[in-house]
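In UniProt numbering, the protein residues as written are 1 to 163.
Here it is, written out as structure tokens:
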């Protein structure tokens, strides 16, 4: 899944959840006001089984080969709120988008939810207060293409020797 596709998916999920969802681990980024969500691509390209599918196509005067594979991408989501119950409800709402509400989005984009993890309590104790968060991991499968131009032999000298 390309970076722009991930960003577009996050925007749609953000509207569904009703909160801002930001990318995690951004140097110098300020923490948004509660409630909010964050995502982190933990495994950007998990190779699938097999070699993939090789096809040929023509573009102008050139002929190309295209390898099509269907790798997975793992994305981790966490949702923050003022208390444990509200953070859990927010995570369950976002989880539901991947489970059902966002199904048409994935069909339209040519992607699929491969595996959807459970909503888990990710609350942490920081010095003298708690950071209330719940989250889940999701694996999304999408098509990936690698193209190369085919080289042609224009002329070959063939000599027959012997029998």
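Beta carbons: idealized from backbone N, C-alpha and C, even for Gly.
query	result
Take every Cβ of the stretch 145-161, pair it with every Cβ of the stretch 62-69, and state whether three or more of those distances are shorter than 8 Å.	yes
Could you work out which residue in 150, 83, 138 and 152 is closest to residue 39 when comparing CA atoms only?	138
Compare the C-alpha of residue 100 against each of 161, 116 and 109 and name the closest.	116
Does the beta-carbon of residue 158 have 16 or more other beta-carbons within 10 angstroms, so that it is buried, or is it exposed?	exposed
Pair every Cβ in the stretch 6-13 with every Cβ in the stretch 50-57, then say whether three or more of these pairs are closer than 8 Å.	no
Sort out for me which residues DSSP pairs residue 148 with in a bridge.	65
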